[in-house]
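Trainee:
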Amino acid sequence: MLTPRDEADLAEAVSAADGPLRISGGGTRPIGNPTAGAALSTTGLRGIELYDPGALTIVARAGTPLTEIEDALAAEGQRLPFEPMDHRKLMGSEGEPTIGGVVAANVSGPRRIQAGACRDSLIGVRFVDGTGTVIKNGGRVMKNVTGYDLVKLLAGSYGTLGVLSEVAFKVLPATESRAVLLIEGLDTGRAIETLSAGLTSPFEVTGAAHAMKGLDGAPMTMIRIEGFAASVAYRAGRLKDLLEGFGDVTIETDPEKTLAGWAWVRDVETFAGRSGDVWRFSIRPSDAPRLVEAIAPAECLLDWGGGLVWALAEEGSDLRAKMSGIAGHATLIRASEETKQRLGVFHPEPAPLAALADGLRASYDPKGILNRGLMAAPAAVAA
Amino acid sequence: MQMPAPNPSILAKKARIVERLSNVLPADAVIHEETETRAYECDALTAYKCPPLCAVLPSSTHDVSAVLKICHEEGVPVVPRGSGTSLAGGALPTEDSVILGVARLNQVLETNYADRYIRVQSGRTNLSVTGAVEHEDFFYAPDPSSQLACAIAGNIAMNSGGAHCLKYGVTTNNLLGVTMVMMDGTIVEIGGAHLDAGGLDLLGVICGSEGQLGVVTEATLRILRKPEGARPVLMGFDSNEVAGACVSDIIKAGVLPVAIEFMDRPCIEATEAFAKAGYPMCEALLIVEVEGSPAEIDEQLGLIKQIARRHDPVELREAKDEDEAKRIWLGRKSAFGAMGQINDYMCLDGTIPVSSLPFVLRRIGEMSKEFGLDVANVFHAGDGNMHPLILFDANKAGDLERCEALGAEILKLCVEAGGCLTGEHGVGIEKRDLMTTQFSSADLEAQLRVKDVFDPDWLLNPAKVFPLGATEGRRTTRAEVA
Numbered sequence: 001m002l003t004p005r006d007e008a009d010l011a012e013a014v015s016a017a018d019g020p021l022r023i024s025g026g027g028t029r030p031i032g033n034p035t036a037g038a039a040l041s042t043t044g045l046r047g048i049e050l051y052d053p054g055a056l057t058i059v060a061r062a063g064t065p066l067t068e069i070e071d072a073l074a075a076e077g078q079r080l081p082f083e084p085m086d087h088r089k090l091m092g093s094e095g096e097p098t099i100g101g102v103v104a105a106n107v108s109g110p111r112r113i114q115a116g117a118c119r120d121s122l123i124g125v126r127f128v129d130g131t132g133t134v135i136k137n138g139g140r141v142m143k144n145v146t147g148y149d150l151v152k153l154l155a156g157s158y159g160t161l162g163v164l165s166e167v168a169f170k171v172l173p174a175t176e177s178r179a180v181l182l183i184e185g186l187d188t189g190r191a192i193e194t195l196s197a198g199l200t201s202p203f204e205v206t207g208a209a210h211a212m213k214g215l216d217g218a219p220m221t222m223i224r225i226e227g228f229a230a231s232v233a234y235r236a237g238r239l240k241d242l243l244e245g246f247g248d249v250t251i252e253t254d255p256e257k258t259l260a261g262w263a264w265v266r267d268v269e270t271f272a273g274r275s276g277d278v279w280r281f282s283i284r285p286s287d288a289p290r291l292v293e294a295i296a297p298a299e300c301l302l303d304w305g306g307g308l309v310w311a312l313a314e315e316g317s318d319l320r321a322k323m324s325g326i327a328g329h330a331t332l333i334r335a336s337e338e339t340k341q342r343l344g345v346f347h348p349e350p351a352p353l354a355a356l357a358d359g360l361r362a363s364y365d366p367k368g369i370l371n372r373g374l375m376a377a378p379a380a381v382a383a
Numbered sequence: 384m385q386m387p388a389p390n391p392s393i394l395a396k397k398a399r400i401v402e403r404l405s406n407v408l409p410a411d412a413v414i415h416e417e418t419e420t421r422a423y424e425c426d427a428l429t430a431y432k433c434p435p436l437c438a439v440l441p442s443s444t445h446d447v448s449a450v451l452k453i454c455h456e457e458g459v460p461v462v463p464r465g466s467g468t469s470l471a472g473g474a475l476p477t478e479d480s481v482i483l484g485v486a487r488l489n490q491v492l493e494t495n496y497a498d499r500y501i502r503v504q505s506g507r508t509n510l511s512v513t514g515a516v517e518h519e520d521f522f523y524a525p526d527p528s529s530q531l532a533c534a535i536a537g538n539i540a541m542n543s544g545g546a547h548c549l550k551y552g553v554t555t556n557n558l559l560g561v562t563m564v565m566m567d568g569t570i571v572e573i574g575g576a577h578l579d580a581g582g583l584d585l586l587g588v589i590c591g592s593e594g595q596l597g598v599v600t601e602a603t604l605r606i607l608r609k610p611e612g613a614r615p616v617l618m619g620f621d622s623n624e625v626a627g628a629c630v631s632d633i634i635k636a637g638v639l640p641v642a643i644e645f646m647d648r649p650c651i652e653a654t655e656a657f658a659k660a661g662y663p664m665c666e667a668l669l670i671v672e673v674e675g676s677p678a679e680i681d682e683q684l685g686l687i688k689q690i691a692r693r694h695d696p697v698e699l700r701e702a703k704d705e706d707e708a709k710r711i712w713l714g715r716k717s718a719f720g721a722m723g724q725i726n727d728y729m730c731l732d733g734t735i736p737v738s739s740l741p742f743v744l745r746r747i748g749e750m751s752k753e754f755g756l757d758v759a760n761v762f763h764a765g766d767g768n769m770h771p772l773i774l775f776d777a778n779k780a781g782d783l784e785r786c787e788a789l790g791a792e793i794l795k796l797c798v799e800a801g802g803c804l805t806g807e808h809g810v811g812i813e814k815r816d817l818m819t820t821q822f823s824s825a826d827l828e829a830q831l832r833v834k835d836v837f838d839p840d841w842l843l844n845p846a847k848v849f850p851l852g853a854t855e856g857r858r859t860t861r862a863e864v865a
């Protein structure tokens with residue numbers, strides 16, 4: 001495995017490559033079509049380069065372990081706003097998640113509905129394109145419209161446009177206190193209405209999820225409030241009043257329990273270690289009940305007020321084909337190599353958009369060596 | 384400011400181009416008489432003017448597609464225009480270009496409160512997006528100062544911010560999807576009402592591309608429920624440095640105000656004379672606003688005032704009621720107009736790390752003396768987005784040039800301090816030639832390659848954003864065949 005020690009080393013490795021490269025960070029998120037080639041890991045590019053709490057910004061090399069970043073932020077009472085998911089339990093993978101991997105897969109968690117996705121907090125990148133050229137874009141300030149925003153383009157490009165060497169984020173103060181409102185036993189339609197009522201209230205909901213099967217097997221609807229203690233207590237109370245019509249509302253404020261509960265949602269722990277393929281849908285929240293019905297009997301975990309649907313399905317089944325009429329996209333997160341190859345991991349794009357994406361990849365990676373085919377449509381995967 | 388020489392072969396076929404455009408648009412949507420095209424000769428960067436070949440005002444995505452198809456076939460550059468409020472010359476035409484104005488595309492197409500989005504045509508003004516959802520207590524968060532006039536199309540082109548983006552983000556963080564017409568007339572849909580468009584984040588690179596990648600005709604925007612309330616506190620300090628340090632301390636303390644606005648003495652004086660908001664006469668003034676219920680506001684402002692007191696404020700005034708809150712904001716909101724009353728000015732837009740505020744403000748003061756031009760500062764301090772206003776006299780020979788030279792030095796200072804040339808106004812023509820201070824040629828080439836993919840013939844707003852020297856080969860290849 002190639003493990004360059006710094007950016008110059010990385011540029012050298014890519015420039016010298018005479019065949020495809022399989023690029024990874026910590027390797028804990030094996031998402032994408034199967035790819036071939038020599039393994040290249042960014043774990044050698046390690047360390048926080050700059051952390052300026054008074055400016056709410058942190059800059060780190062791509063291979064820095066996520067825990068190192070989170071610990072540094074926590075020591076100053078700050079955090080990454082987008083609550084990145086840990087894929088290890090769901091994917092059965094091992095290793096140490098890196099900050100570069102989080103960016104490459106644009107990984108966000110439940111707080112995405114309020115604080116934005118990983119790409120929204122990302123304010124700068126340095127990367128090596130397919131010719132071995134080092135490119136920087138954005139910077140370390142939170143408002144920046146100087147030139148094109150390649151920062152967003154790189155986030156979620158899964159290493160197919162370039163290999164990230166450095167990433168910079170806008171961070172936010174961590175919150176002092178947390179409360180979770182729980183309602184048991186709702187069907188999907190009613191659950192989405194409940195979440196929507198919370199999200200359209202002025203009480204700043206930072207988590208809105210519904211499990212068809214909660215920890216004790218019954219459906220569980222969850223709404224999270226964060227902030228200063230007095231404010232959390234006030235808003236939780238107001239929300240409870242607002243939601244009484246939907247069912248019996250209980251408020252959980254135990255820090256350990258609520259932390260574990262949202263990690264359970266964030267990491268889709270409910271599907272960990274269970275057989276079956278895992279699909280991830282991004283849709284309009286109000287379409288969730290229709291989708292859940294269309295893909296039945298798949299078991300679902302709904303986050304983002306219903307806009308994010310995780311589904312555990314029979315192996316090899318094509319849930320994407322059942323979306324008919326529902327706008328959005330479906331990603332096949334966990335499945336056998338054969339199923340991934342056949343169905344394609346990423347949602348097929350309309351021809352003009354696919355042409356733009358292909359054009360960008362051909363331009364940034366003219367040799368076609370960076371995670372080749374990882375995001376391709378099924379026909380191209382087979383070829 | 385240099386612009387490319389117009390292509391004589393395009394000027395020569397003006398009649399044919401106008402005729403073809405008139406064939407696909409209503410008569411009043413094609414403006415080609417010299418007296419009328421003057422209305423489109425500049426945007427809010429009025430120092431530079433040039434009437435276009437003609438201007439078109441399509442009313443539908445289909446019309447935009449028809450226009451672009453013709454211009455593509457004829458090899459004519461197209462300059463998209465929202466409301467023409469760009470401070471960077473983003474909508475400045477060249478003599479051989481067609482202005483494509485989206486002002487007639489101003490309809491609300493769909494509102495969905497349960498899913499928290501609105502779909503509008505892109506010529507709709509920023510403020511009228513909020514206007515369309517206000518009765519349900521919702522709002523659209525990005526609020527550039529020009530929000531009464533500026534169009535969503537321009538907001539997307541420039542990735543506009545505003546006073547409240549410390550908490551709510553800028554346009555790119557509130558944009559869910561677009562309908563866009565490519566230069567060859569192809570209509571594409573990117574994203575939608577769901578979060579995170581699939582595939583590569585094309586939406587992310589289109590937002591802020593200054594109308595160089597496509598013409599956005601419709602946008603799906605995130606709308607938010609209004610907070611229960613908001614209240615500002617005004618604080619005065621006896622030096623810029625102390626005010627800057629106070630901003631940094633507030634941010635470090637874990638409170639997240641929705642806005643932290645900064646004004647220095649020259650700006651306070653001009654504003655007070657103009658708007659009579661009752662501001663204290665001091666060296667620097669901060670307006671900090673927080674949101675929530677009355678009790679939540681009390682708690683946050685309590686903490687903020689505690690921090691402010693550590694910096695010995697000369698004034699600490701909390702709004703007691705709605706009326707007082709309005710007056711606190713009145714001065715800040717009329718700052719630009721007030722400066723315009725007393726002087727010609729150039730408004731800069733560099734962003735710096737908040738922690739460098741004291742240093743950068745001190746350096747700007749020194750540079751102002753060196754150049755012999757006054758500089759007033761009014762800006763979004765919470766996110767480090769500065770707006771130094773350089774005061775000059777347009778009627779005095781050499782003053783504009785001196786002002787531009789000082790502006791360039793201040794922007795270079797922002798870059799050296801770890802910041803950037805522009806935080807929310809865009810590059811346009813204004814900062815085009817400074818791009819090399821922030822980017823290496825490889826960095827710029829990576830951006831140019833994006834345009835190569837979206838607009839291979841370099842016809843969309845081609846003379847903007849990048850130094851002309853860097854784009855010359857790309858622009859002239861096509862011009863030769865036109």
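Chain order of the listed sequences is A and B.
Here the first sequence is numbered in our numbering, starting from 1 and rising by one per residue.
Here the second sequence is numbered in our numbering, starting from 384 and rising by one per residue.
For each residue, glycine too, the CB sits at the ideal point set by N, CA and C.
Since the structure is predicted, the reported quantities are computational estimates derived from the model, not experimental observations.
1) Need the endpoints of the alpha helix (DSSP H) that residue 351(A) sits in, please.
2) Tell me the residue span of the alpha helix (DSSP H) that contains residue 692(B).
3) Give me the Cα-Cα distance between residue 647(B) and residue 233(A), rounded to the nearest whole angstrom.
4) Going by beta carbon distance, what residues of the same chain come within less than 6 Å of residue 455(B), once the five residues before and after it are set aside?
5) Going along chain B, which residues have a C-beta under 7 Å from residue 135(A)?
6) Beta-carbon of residue 212(A) versus every beta-carbon of chain B: anything under 8 Å?
7) Report the partner residues of residue 463(B) according to the DSSP bridge assignment.
8) Can you tell me whether DSSP reads residue 444(B) as helix, strand or coil?
9) Provide the residue(s) that pair with residue 620(B) in DSSP beta bridges, ordered along the chain.
10) Nearest-angstrom Cα distance between residue 539(B) and residue 254(A)?
11) Check whether the Cβ atoms of residue 110(A) and residue 26(A) lie closer than 8 Å to each other.
12) Looking only at C-alpha atoms, which of 376(A), 378(A), 370(A), 359(A) sits nearest to residue 835(B)?
13) If you draw a straight line from the alpha carbon of residue 82(A) to that of residue 161(A), how long is it in whole angstroms?
14) For residue 282(A), which of helix, strand or coil comes out of DSSP?
15) What's the gap between the Cα of residue 301(A) and the Cα of residue 556(B)?
16) If you count every other CB in all the chains shown that lies within 10 Å of the CB of residue 429(B), and 16 or more means buried, which is it?
17) Determine, using beta carbons only, whether residue 737(B) and residue 781(B) come nearer to each other than 8 Å.
18) Roughly how many angstroms lie between the CA atoms of residue 159(A) and residue 256(A), to the nearest whole one?
19) Taking all protein chains shown into account, decide if residue 518(B) is buried (16 or more other Cβ within 10 angstroms of its Cβ) or exposed.
20) So who's on the other strand from residue 310(A), going by DSSP bridges?
21) Along the beta strand (DSSP E) that carries residue 170(A), what are the first and last residues, could you check?
22) With which residues is residue 521(B) paired in a DSSP beta bridge?
23) Roughly how many angstroms separate the alpha carbons of residue 445(B) and residue 415(B), rounded to a whole number?
24) Taking 8 Å as the threshold (C-beta atoms), are residue 472(B) and residue 423(B) in contact?
25) Distance check for residue 225(A) and residue 867(B), CA to CA, integer angstroms please.
26) Which complete beta strand (DSSP E) runs does the region 695-779 of chain B hold, if anything under 3 residues is left out?
27) DSSP on residue 547(B), reduced to helix/strand/coil?
28) In chain B, which residues lie less than 8 Å from residue 346(A) when you measure between Cβ atoms?
29) By DSSP's criteria, residue 495(B) is part of a beta bridge. Which residues make up the other side?
30) Determine the DSSP secondary structure at residue 383(A), reduced to helix, strand or coil.
31) What residue range does the beta strand (DSSP E) around residue 137(A) cover?
32) What number of angstroms, rounded off, separates the C-alpha of residue 592(B) from the C-alpha of residue 804(B)?
33) Which value, in whole angstroms, describes the spacing of the CA atoms of residue 655(B) and residue 630(B)?
34) Closer than 6 Å by C-beta to residue 745(B): which residues in its own chain qualify, once you throw out the five before and the five after it? Chain order, please.
35) Could you tell me the boundaries of the alpha helix (DSSP H) in which residue 246(A) lies?
36) Would you report the Cα separation of residue 399(B) and residue 440(B), rounded to the nearest angstrom?
Mentor: Working from what's here:
1) If you number the first sequence from 1, residue 351(A) lands on position 351. Per DSSP, residue 351(A) belongs to the alpha helix (DSSP H) from 351-364.
2) The residue you call residue 692(B) lines up with position 309 of the second sequence. First-last of the alpha helix (DSSP H) with residue 692(B): 677-692.
3) Taking the second sequence and counting its residues from 1, one reaches residue 647(B) at position 264. Taking the first sequence and counting its residues from 1, one reaches residue 233(A) at position 233. If you take the alpha carbons of residue 647(B) and residue 233(A), they lie about 39 Å apart.
4) The count along the second sequence starts at 1 and reaches residue 455(B) at position 72. Only 566, 567 meet the Cβ criterion.
5) Position 135 of the first sequence, counted from the start, is the residue given in the question as residue 135(A). Correct list: 825, 826, 829.
6) Along the first sequence, read from residue 1 onward, the residue named residue 212(A) stands at position 212. Judged by the 8 Å Cβ criterion, residue 212(A) is not in contact with chain B.
7) On the second sequence, residue 463(B) is found 80 positions in, with the first residue counted as 1. In DSSP, residue 463(B) forms a bridge with 483(B).
8) Sequence index remark: in the second sequence, residue 444(B) carries index 61 (1-based). It is helical.
9) Position 237 of the second sequence, counted from the start, is the residue given in the question as residue 620(B). Beta-bridge pairing links residue 620(B) to 667(B).
10) Numbered from 1 along the second sequence, position 156 holds the residue referred to as residue 539(B). Numbered from 1 along the first sequence, position 254 holds the residue referred to as residue 254(A). For residue 539(B) and residue 254(A), the distance between alpha carbons rounds to 43 Å.
11) Against the first sequence, residue 110(A) aligns to sequence position 110. Against the first sequence, residue 26(A) aligns to sequence position 26. Result no, Cβ atoms of residue 110(A) and residue 26(A) do not sit closer than 8 Å.
12) Against the second sequence, residue 835(B) aligns to sequence position 452. Closest by alpha carbon: 359(A).
13) Taking the first residue of the first sequence as position 1, residue 82(A) is located at position 82. Taking the first residue of the first sequence as position 1, residue 161(A) is located at position 161. Approximately 23 Å, taken between the alpha carbons.
14) As a first step, residue 282(A) is located in the first sequence; it is residue number 282 there, counting from the start. Strand at residue 282(A).
15) As a position in the first sequence, residue 301(A) is number 301, starting the count at 1. As a position in the second sequence, residue 556(B) is number 173, starting the count at 1. If you take the alpha carbons of residue 301(A) and residue 556(B), they lie about 25 Å apart.
16) If you number the second sequence from 1, residue 429(B) lands on position 46. Its Cβ having fewer than 16 others within 10 Å, residue 429(B) is exposed.
17) As a working mapping, residue 737(B) is identified with position 354 in the second sequence. As a working mapping, residue 781(B) is identified with position 398 in the second sequence. It is not a contact, given that the beta carbons lie outside the stated cut-off.
18) On the first sequence, position 159 is the one that residue 159(A) refers to. On the first sequence, position 256 is the one that residue 256(A) refers to. So the alpha carbons of these two residues sit roughly 36 Å apart.
19) Here the question's residue 518(B) lines up with position 135 in the second sequence. Residue 518(B) comes out exposed.
20) Translated into positions along the first sequence, residue 310(A) becomes position 310. Paired residues: 280(A), 301(A).
21) Counting from one through the first sequence, the residue named residue 170(A) turns up at place 170. Here the beta strand (DSSP E) through residue 170(A) covers 163-170.
22) Residue numbering aside, residue 521(B) sits at position 138 when the second sequence is read from its first letter. Note: residue 521(B) sits in a beta bridge opposite 608(B).
23) What you label residue 445(B) is simply residue 62 of the second sequence in a count that begins at 1. What you label residue 415(B) is simply residue 32 of the second sequence in a count that begins at 1. So the alpha carbons of these two residues sit roughly 21 Å apart.
24) Walking along the second sequence from the start, residue 423(B) turns up at place 40. Walking along the second sequence from the start, residue 472(B) turns up at place 89. Against a cut-off of 8 Å, the Cβ pair of residue 472(B) and residue 423(B) comes out as no contact.
25) Examination of residue 867(B) is not possible in this model, given that chain B is present from 384 through 865 alone.
26) 698-701, 727-730, 758-763, 771-775
27) For the purposes of this step, residue 547(B) is taken as residue 164 along the second sequence, with counting starting at 1. DSSP places residue 547(B) in coil when its eight states are reduced to three.
28) Position 346 of the first sequence, counting from 1, holds the residue named residue 346(A). Chain B residues near residue 346(A): 581, 582.
29) Looking up residue 495(B) in the second sequence gives position 112. Note: residue 495(B) sits in a beta bridge opposite 500(B).
30) Within the first sequence, the letter at position 383 stands for residue 383(A). Any answer about residue 383(A) is weak, because its pLDDT of 38 lies below 50 and its placement is not dependable; what the coordinates show is given next. Reduced to three states, the DSSP call for residue 383(A) is coil.
31) The sequence position of residue 137(A) within the first sequence is 137, counting from 1. Residue 137(A) -> beta strand (DSSP E) spans 134-138.
32) Within the second sequence, the letter at position 209 stands for residue 592(B). Within the second sequence, the letter at position 421 stands for residue 804(B). For residue 592(B) and residue 804(B), the distance between alpha carbons rounds to 15 Å.
33) Along the second sequence, one-based indexing puts residue 655(B) at 272. Along the second sequence, one-based indexing puts residue 630(B) at 247. Looking at the two C-alpha atoms, the distance is approximately 23 Å.
34) Your numbering for residue 745(B) matches position 362 in the second sequence. Excluding residues within five positions, none has a Cβ falling inside 6 Å.
35) The count along the first sequence starts at 1 and reaches residue 246(A) at position 246. Run containing residue 246(A): none; DSSP gives neither H nor E here.
36) The residue you call residue 399(B) lines up with position 16 of the second sequence. The residue you call residue 440(B) lines up with position 57 of the second sequence. Computed Cα separation, rounded: 18 Å.
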